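Numbering (our numbering), first residue to last: 435 to 547.
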């Protein structure tokens, strides 16, 4: 069994409720069902989806390095919400898209030569 903590993140200047939390829950239930099926029951994902957590960084200042700081930035709000992150095997942060960060949270590739 793999316990997943799924954190919906808002930047400091993001509007509230950028997406429906129920949609995130439904997606991760679908993902869990898929893994259970293709692993013939040997992989069990147990996702817990949080309500929105607001980061201290604004969208204008968000970049790839900011993504690495999310665990420490959101530790206080998660604790205040009664969530003990040590009880989970993996933590997944869902963030609003920012232009300086490319697909999968990586900076855009630079061309060499």
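Backbone N, C-alpha and C define an ideal beta-carbon position, used for all residues, glycine too.
What you are looking at is a predicted structure, and each value in this text was computed from that prediction instead of being measured.
According to the DSSP secondary-structure assignment, residue 474 is paired through a beta bridge with no residue. In the structure shown, residue 525 falls within a strand segment according to DSSP collapsed to helix, strand and coil.
Residue 480 counts as exposed, since fewer than 16 other beta carbons sit within 10 angstroms of its beta carbon. The DSSP-derived three-state label of residue 461 is helix. Partner residues in the beta bridge of residue 487, as assigned by DSSP, are 443.
Between residue 448 and residue 530, the C-beta spacing is below 8 angstroms. Within the same chain, and ignoring the five residues on either side of residue 455 in sequence, the residues whose Cβ sits closer than 7 angstroms to its Cβ are 442, 483 and 485.
A distance below 8 angstroms separates the beta carbons of residue 489 and residue 444. Residue 526 is positioned such that its CB atom lies closer than 8 angstroms to that of residue 438.
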